[in-house]
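K.L.:
Same order as they appear, the protein sequences are chains A and B. The first sequence begins at 9 in our numbering and counts up by one. The second sequence begins at 9 in our numbering and counts up by one. From the three backbone atoms N, C-alpha and C, an ideal C-beta is built for every residue, glycine too. A single structure is presented below for examination.
2 protein chains.
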Amino acid sequence: MSQKASIKTIAELSGVSVATVSRIINQNGRFSAETEARVRKIMDDLNYYPNTVAKSLRQKHSMVIGIIVPDITNTHFSRLILEIENYLFQYGYSILICNTNEDENLEQRHLDTLISQRVSGILCLTGRRHIIPVNIPVVYLDRRPEGYIEKEDYLVESDNLMGGCLAARSLIESGCRSIGIVYAPTVDINHNMRCEGAAQMITEAGLVPAYIKAQRVSAPIATDAVMDYFKNNPSPDGLVCTNDLLAVGAFLALMELGISVPGKVKITGYDDSPLAGVYSPSLTSIHQDAKAMSKCAADMILKMIDGLPPAKSHEIIPVRLISRETTA
Amino acid sequence: MSQKASIKTIAELSGVSVATVSRIINQNGRFSAETEARVRKIMDDLNYYPNTVAKSLRQKHSMVIGIIVPDITNTHFSRLILEIENYLFQYGYSILICNTNEDENLEQRHLDTLISQRVSGILCLTGRRHIIPVNIPVVYLDRRPEGYIEKEDYLVESDNLMGGCLAARSLIESGCRSIGIVYAPTVDINHNMRCEGAAQMITEAGLVPAYIKAQRVSAPIATDAVMDYFKNNPSPDGLVCTNDLLAVGAFLALMELGISVPGKVKITGYDDSPLAGVYSPSLTSIHQDAKAMSKCAADMILKMIDGLPPAKSHEIIPVRLISRETTA
DNA sequence: TTGAAAGCGCTAACAA
DNA sequence: TTGTTAGCGCTTTCAA
Numbered sequence: 009m010s011q012k013a014s015i016k017t018i019a020e021l022s023g024v025s026v027a028t029v030s031r032i033i034n035q036n037g038r039f040s041a042e043t044e045a046r047v048r049k050i051m052d053d054l055n056y057y058p059n060t061v062a063k064s065l066r067q068k069h070s071m072v073i074g075i076i077v078p079d080i081t082n083t084h085f086s087r088l089i090l091e092i093e094n095y096l097f098q099y100g101y102s103i104l105i106c107n108t109n110e111d112e113n114l115e116q117r118h119l120d121t122l123i124s125q126r127v128s129g130i131l132c133l134t135g136r137r138h139i140i141p142v143n144i145p146v147v148y149l150d151r152r153p154e155g156y157i158e159k160e161d162y163l164v165e166s167d168n169l170m171g172g173c174l175a176a177r178s179l180i181e182s183g184c185r186s187i188g189i190v191y192a193p194t195v196d197i198n199h200n201m202r203c204e205g206a207a208q209m210i211t212e213a214g215l216v217p218a219y220i221k222a223q224r225v226s227a228p229i230a231t232d233a234v235m236d237y238f239k240n241n242p243s244p245d246g247l248v249c250t251n252d253l254l255a256v257g258a259f260l261a262l263m264e265l266g267i268s269v270p271g272k273v274k275i276t277g278y279d280d281s282p283l284a285g286v287y288s289p290s291l292t293s294i295h296q297d298a299k300a301m302s303k304c305a306a307d308m309i310l311k312m313i314d315g316l317p318p319a320k321s322h323e324i325i326p327v328r329l330i331s332r333e334t335t336a
Numbered sequence: 009m010s011q012k013a014s015i016k017t018i019a020e021l022s023g024v025s026v027a028t029v030s031r032i033i034n035q036n037g038r039f040s041a042e043t044e045a046r047v048r049k050i051m052d053d054l055n056y057y058p059n060t061v062a063k064s065l066r067q068k069h070s071m072v073i074g075i076i077v078p079d080i081t082n083t084h085f086s087r088l089i090l091e092i093e094n095y096l097f098q099y100g101y102s103i104l105i106c107n108t109n110e111d112e113n114l115e116q117r118h119l120d121t122l123i124s125q126r127v128s129g130i131l132c133l134t135g136r137r138h139i140i141p142v143n144i145p146v147v148y149l150d151r152r153p154e155g156y157i158e159k160e161d162y163l164v165e166s167d168n169l170m171g172g173c174l175a176a177r178s179l180i181e182s183g184c185r186s187i188g189i190v191y192a193p194t195v196d197i198n199h200n201m202r203c204e205g206a207a208q209m210i211t212e213a214g215l216v217p218a219y220i221k222a223q224r225v226s227a228p229i230a231t232d233a234v235m236d237y238f239k240n241n242p243s244p245d246g247l248v249c250t251n252d253l254l255a256v257g258a259f260l261a262l263m264e265l266g267i268s269v270p271g272k273v274k275i276t277g278y279d280d281s282p283l284a285g286v287y288s289p290s291l292t293s294i295h296q297d298a299k300a301m302s303k304c305a306a307d308m309i310l311k312m313i314d315g316l317p318p319a320k321s322h323e324i325i326p327v328r329l330i331s332r333e334t335t336a
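Below you can see the structure in the form of structure tokens.
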């Protein structure tokens with residue numbers, strides 16, 4: 009570690025007390041312009057960097073926010089994190105990243121580390137609820153945690169129900185009369201909501217949804233599932249898929265079967281992932297407002313850190329449909 | 009903040025000195041089994057979490073590694089970061105993420121923050137070289153920084169030259185005799201290396217590379233550039249693209265022009281991004297070994313933190329070609 | 001095997 | 001406007 013100069017060094021060299029140097033660093037007033045100039049000069053000369061660790065210890069909070077996330081490699085999460093990081097940096101906060109790989113054990117160890125680090129707050133995107141034995145604010149983001157308690161827990165989520173509705177509605181409006189929902193079992197409960205939203209909308213239109221289940225969230229596995237379904241059932245003319253990967257898998261199946269998209273069958277995806285816009289055909293998808301979600305969660309935790317109650321403990325951020333070729 | 013119990017509380021309640029508690033926490037020996045049992049019980053009862061901040065202050069390093077990265081949303085970077093985080097967590101290190109959005113100014117501010125936080129080490133993936141006025145180890149990863157000094161700076165990079173070669177060679181081997189290189193100006197110097205590698209290989213084969221320049225790294229813009237090129241020049245029969253996005257853009261252009269891929273023209277991308285495997289046609293691409301790169305960089309910085317010189321100051325990680333439909 | 005005590009670099013009363 | 005000083009929670013010598 010390194011960094012010879014401390015506030016004491018600076019104080020001695022500039023002939024003032026450490027208190028004065030501290031006041032200057034933090035712009036707390038009660039020092040003269042001349043003193044400031046002299047002290048600043050010394051700080052520059054010595055390449056002085058205030059020691060945040062000492063400051064944190066003294067002030068009892070660290071200006072660090074911990075983010076617990078399943079997998080930063082998933083663009084949905086990295087988009088959220090990017091926005092949070094950018095936004096919180098303006099307030100002087102840094103971001104500690106913890107990937108859990110959906111592993112409960114690892115998640116707990118990460119959590120313990122965050123507590124030991126005395127982070128100012130924790131943002132949890134894993135869908136797991138945590139009982140923190142100390143007074144660190146926690147905000148859940150994106151995934152509503154299992155065992156979530158309304159009013160007591162703090163949660164920002166995307167309107168997955170609405171997303172499912174929008175997707176199904178777009179199919180119905182473009183004339184589909186027989187709609188399948190392509191989904192896969194996953195710890196991500198949001199997929200369920202999307203299914204539910206779609207099913208609601210389909211039912212409201214007087215139609216009956218078909219369920220096409222892939223064993224995992226994976227394109228090739230979705231391909232198999234859809235292929236299988238189309239071979240053994242009357243063909244749907246529209247498919248709502250609970251994310252873009254499944255949608256691509258479905259498309260690949262139809263291509264294999266020689267069924268034209270969007271001619272015979274229309275498809276919607278979810279997430280508006282990077283591939284949606286460049287796929288061929290381009291993918292109609294539900295776009296989640298990562299920026300709004302992030303800002304909302306960040307503001308919430310900022311409030312809580314300041315000891316104030318957030319305006320609302322539960323926010324649901326709207327989504328929108330991006331129409332592209334697969335539903336043209 | 010929060011956490012009532014300190015080492016002192018524990019000491020008092022268990023009737024030993026803080027020194028003993030500290031020794032127990034850190035398993036430094038010099039305490040009896042009975043004492044340990046008693047102390048541990050109290051720690052459990054009080055939900056005691058050792059304060060890492062105080063420890064860092066005292067020991068003068070923080071068990072935190074800062075990562076400076078252009079944009080975590082880019083899968084290439086998030087893959088690296090995921091691996092680094094997983095790997096370093098085993099050694100007790102946490103990861104502080106700083107996104108620069110390729111903004112030099114923001115990068116500098118992030119750097120200052122990291123220094124103030126007294127991070128144990130810095131991993132820099134932005135391609136910018138930093139003079140750190142304090143003794144914090146820096147390892148450059150992925151992008152060789154501008155002004156890089158061999159032997160003096162520490163660098164782990166991917167073999168982009170080799171990647172360019174492999175891509176071009178695969179085209180040549182599948183019979184292409186007229187190869188275009190699709191590229192775009194970017195701060196990412198790796199793109200240049202890929203071009204160079206491809207050009208070398210093409211030249212060695214006695215052919216002459218054509219250069220097709222997109223104004224930015226973007227699929228639609230690449231589409232325009234390629235469309236334009238094909239309209240005004242004799243058609244190449246192979247395209248090496250410096251990343252997958254450009255490759256997809258190129259493909260879209262050819263489709264528009266009614267030129268079959270891989271029938272008339274074969275295409276290679278770079279990065280083996282998530283879309284490569286699921287695109288239709290699937291994209292032949294160069295796969296970078298994120299895991300090896302990350303491990304190598306992490307080991308390097310771990311060594312440096314321990315005050316030891318890494319085995320080598322410069323590592324170049326091999327890449328491999330993933331053959332898919334666009335070169336079938 | 002244990003304890004006393006100094007000190008890491010900083011902030012914030014309190015006093016001047 | 002400035003200085004003195006007591007800690008924040010921990011590790012680590014040194015002594016017992």
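Can you tell me which residues form a DSSP beta bridge with K221 (chain B)?
P.N.:
Walking along the second sequence from the start, residue 221 (chain B) turns up at place 213. According to DSSP, which records beta bridges pairwise, K221 (chain B) is partnered with B:Y191.
K.L.:
Let me make sure I understand the geometry here. Which of B:S124, B:Y148, B:F97 and B:T43 has the alpha-carbon closest to that of A305 (chain B)?
P.N.:
The sequence position of residue 305 (chain B) within the second sequence is 297, counting from 1. Nearest option by C-alpha distance: B:Y148.
K.L.:
Is DSSP giving G171 (chain A) helix, strand or coil here?
P.N.:
Counting from one through the first sequence, the residue named residue 171 (chain A) turns up at place 163. Three-state DSSP puts G171 (chain A) in a helix.
K.L.:
Once you ignore the five residues that flank L215 (chain B) on each side, which residues in its own chain have a CB closer than 8 Å to its CB?
P.N.:
The sequence position of residue 215 (chain B) within the second sequence is 207, counting from 1. These residues qualify, in order along the chain: I180, R185, S186 and I187.
K.L.:
Taking 8 Å as the cut-off, decide whether the C-beta atoms of L88 (chain A) and A298 (chain A) are in contact.
P.N.:
For the purposes of this step, residue 88 (chain A) is taken as the residue at position 80 of the first sequence. For the purposes of this step, residue 298 (chain A) is taken as the residue at position 290 of the first sequence. Going by C-beta atoms, L88 (chain A) is nearer than 8 Å to A298 (chain A).
K.L.:
Determine, for A62 (chain B), whether the minimum Cβ-Cβ distance to residues of chain A falls below 8 Å.
P.N.:
Reading the second sequence from its first residue, position 54 is the one you call residue 62 (chain B). With 8 Å as the cut-off, A62 (chain B) counts as an interface residue toward chain A.
K.L.:
Closer than 8 Å, Cβ to Cβ, to anything on chain A: give me those residues from the segment 39-59 of chain B, in chain order.
P.N.:
So the list reads N55, Y57, P58 and N59, given in the order they occur along the chain.
K.L.:
Is the CB of V286 (chain A) under 8 Å away from at least one CB in chain B?
P.N.:
Taking the first sequence and counting its residues from 1, one reaches residue 286 (chain A) at position 278. It does: the Cβ of V286 (chain A) has a partner Cβ on chain B nearer than 8 Å.
K.L.:
Just how far apart, CA to CA, sit D232 (chain B) and G277 (chain B)?
P.N.:
Along the second sequence, one-based indexing puts residue 232 (chain B) at 224. Along the second sequence, one-based indexing puts residue 277 (chain B) at 269. Distance between the alpha carbons of D232 (chain B) and G277 (chain B): 17 Å.
K.L.:
In chain order, what residues of the same chain have a beta carbon less than 7 Å from the beta carbon of F39 (chain B), not counting five sequence neighbours either side?
P.N.:
The residue you call residue 39 (chain B) lines up with position 31 of the second sequence. Once the five neighbours on either side are set aside, the close Cβ partners of F39 (chain B) are T28, R31 and I32.
K.L.:
Compare the beta carbon distance of L65 (chain B) and I18 (chain B) with 8 Å and say whether it is the shorter of the two.
P.N.:
In the second sequence, the residue the question calls residue 65 (chain B) occupies position 57. In the second sequence, the residue the question calls residue 18 (chain B) occupies position 10. No, they are not a contact pair.
K.L.:
For V269 (chain A), which three-state DSSP category applies?
P.N.:
The residue you call residue 269 (chain A) lines up with position 261 of the first sequence. If DSSP states are grouped into helix, strand and coil, V269 (chain A) belongs with coil.
K.L.:
In the structure shown, what three-state DSSP assignment does E158 (chain A) receive?
P.N.:
Residue mapping note: residue 158 (chain A) aligns to position 150 of the first sequence, counting from 1. The answer is coil: DSSP assigns E158 (chain A) none of H, G, I, E or B.
K.L.:
Quick one: does L65 (chain B) have its CB under 8 Å from some CB of chain A?
P.N.:
Here the question's residue 65 (chain B) lines up with position 57 in the second sequence. L65 (chain B) counts as touching chain A.
K.L.:
Does the beta-carbon distance from I15 (chain A) to V26 (chain A) come in below 8 Å?
P.N.:
Sequence index remark: in the first sequence, residue 15 (chain A) carries index 7 (1-based). Sequence index remark: in the first sequence, residue 26 (chain A) carries index 18 (1-based). The answer is yes: Cβ separation under 8 Å.
K.L.:
Report yes if the C-beta distance between E204 (chain B) and M235 (chain B) is below 8 Å; otherwise report no.
P.N.:
Position 196 of the second sequence, counting from 1, holds the residue named residue 204 (chain B). Position 227 of the second sequence, counting from 1, holds the residue named residue 235 (chain B). Result no, Cβ atoms of E204 (chain B) and M235 (chain B) do not sit closer than 8 Å.
K.L.:
Beta strand (DSSP E) containing K239 (chain B): first to last residue?
P.N.:
As a working note, residue 239 (chain B) is residue 231 in the second sequence. First-last for K239 (chain B): A227 to N240, but that is the alpha helix (DSSP H), not the beta strand (DSSP E).
K.L.:
Among A:S321, A:L174 and A:V225, whose alpha-carbon lies nearest the alpha-carbon of R328 (chain A)?
P.N.:
As a first step, residue 328 (chain A) is located in the first sequence; it is residue number 320 there, counting from the start. Comparing Cα-Cα distances from R328 (chain A) to each of A:S321, A:L174 and A:V225, the minimum goes to A:L174.
K.L.:
Using DSSP bridges, identify the partner residues of I324 (chain B).
P.N.:
Mapped onto the second sequence, residue 324 (chain B) falls at position 316. According to DSSP, I324 (chain B) bridges with B:E165.
K.L.:
Start and end of the beta strand (DSSP E) containing Q98 (chain A)?
P.N.:
The sequence position of residue 98 (chain A) within the first sequence is 90, counting from 1. No beta strand (DSSP E) holds Q98 (chain A); DSSP gives it neither H nor E.
K.L.:
Classify V146 (chain B) as helix, strand or coil using the three-state DSSP reduction.
P.N.:
The sequence position of residue 146 (chain B) within the second sequence is 138, counting from 1. In the structure shown, V146 (chain B) sits in a strand (DSSP, three-state: E or B).
K.L.:
Can you give the Cα-Cα distance for T194 (chain B) and P244 (chain A), rounded to whole angstroms?
P.N.:
Position 186 of the second sequence, counted from the start, is the residue given in the question as residue 194 (chain B). Position 236 of the first sequence, counted from the start, is the residue given in the question as residue 244 (chain A). About 45 Å.
K.L.:
Are the beta-carbon atoms of S293 (chain B) and I330 (chain B) separated by less than 8 Å?
P.N.:
Your numbering for residue 293 (chain B) matches position 285 in the second sequence. Your numbering for residue 330 (chain B) matches position 322 in the second sequence. Contact flag set, yes.
K.L.:
Could you pull out every unbroken beta strand (DSSP E) segment of at least 3 residues lying fully inside the segment 292-326 of chain B, listed in chain order?
P.N.:
Listed in chain order, the complete beta strand (DSSP E) runs (minimum 3 residues) inside the segment 292-326 of chain B are 293-296 and 322-325.
K.L.:
Three-state secondary structure (DSSP) at C339 (chain A)?
P.N.:
The question about residue 339 (chain A) has no answer, for chain A in this structure spans 9 to 336.
K.L.:
Span of the alpha helix (DSSP H) holding K16 (chain B)?
P.N.:
Mapped onto the second sequence, residue 16 (chain B) falls at position 8. Where K16 (chain B) is concerned, the enclosing alpha helix (DSSP H) stretches over I15 to S22.
K.L.:
Could you tell me whether the Cβ of M377 (chain A) comes closer than 8 Å to any Cβ of chain B?
P.N.:
In this structure chain A extends from 9 to 336, so residue 377 (chain A) is not present and cannot be described.
K.L.:
Which whole-angstrom value describes the C-beta separation of I189 (chain B) and A206 (chain B), a residue pair presumed to lie in contact below a C-beta threshold of 8 Å?
P.N.:
On the second sequence, residue 189 (chain B) is found 181 positions in, with the first residue counted as 1. On the second sequence, residue 206 (chain B) is found 198 positions in, with the first residue counted as 1. Yes, I189 (chain B) and A206 (chain B) are in contact; Cβ-Cβ is about 5 Å, under 8 Å.
K.L.:
Taking 8 Å as the threshold (C-beta atoms), are Y162 (chain A) and S321 (chain A) in contact?
P.N.:
Here the question's residue 321 (chain A) lines up with position 313 in the first sequence. Here the question's residue 162 (chain A) lines up with position 154 in the first sequence. It is a contact, given that the beta carbons lie within the stated cut-off.
K.L.:
Could you please give me the residues that DSSP links to T335 (chain A) through a beta bridge?
P.N.:
One-based indexing of the first sequence puts residue 335 (chain A) at position 327. Answer is none; T335 (chain A) lacks a bridge partner.
K.L.:
If I follow the unbroken alpha helix (DSSP H) through V256 (chain A), where does it start and stop?
P.N.:
Reading the first sequence from its first residue, position 248 is the one you call residue 256 (chain A). Taken as a continuous stretch (DSSP letters only), the alpha helix (DSSP H) holding V256 (chain A) covers D252 to E264.
K.L.:
Residues in the same chain with beta-carbon distance under 7 Å from I313 (chain B), minus the five sequence neighbours each way, listed in chain order, please.
P.N.:
By 1-based counting over the second sequence, the position of residue 313 (chain B) is 305. If we look at I313 (chain B) and ignore the five residues flanking it on each side, its Cβ neighbours are S128, G129 and P145.
K.L.:
Under 7 Å Cβ to Cβ from S178 (chain B), same chain only, skipping five residues before and after it: list those, please.
P.N.:
In the second sequence, the residue the question calls residue 178 (chain B) occupies position 170. Taken in chain order, the residues that qualify are T276, T292, L329, S331 and T335.
K.L.:
What's the call for E212 (chain B), buried or exposed, on a 16-neighbour Cβ count within 10 Å?
P.N.:
Taking the first residue of the second sequence as position 1, residue 212 (chain B) is located at position 204. Exposed.
K.L.:
Thinking just about the alpha-carbon of each residue, which of B:K159, B:A41 and B:L21 is nearest to the one in I50 (chain B)?
P.N.:
Along the second sequence, one-based indexing puts residue 50 (chain B) at 42. Among B:K159, B:A41 and B:L21, the Cα nearest to that of I50 (chain B) is on B:L21.
K.L.:
Report all residues from its chain with a CB closer than 6 Å to the CB of H69 (chain B); omit the five preceding and five following residues, and keep chain order.
P.N.:
As a working mapping, residue 69 (chain B) is identified with position 61 in the second sequence. These residues qualify, in order along the chain: S128.
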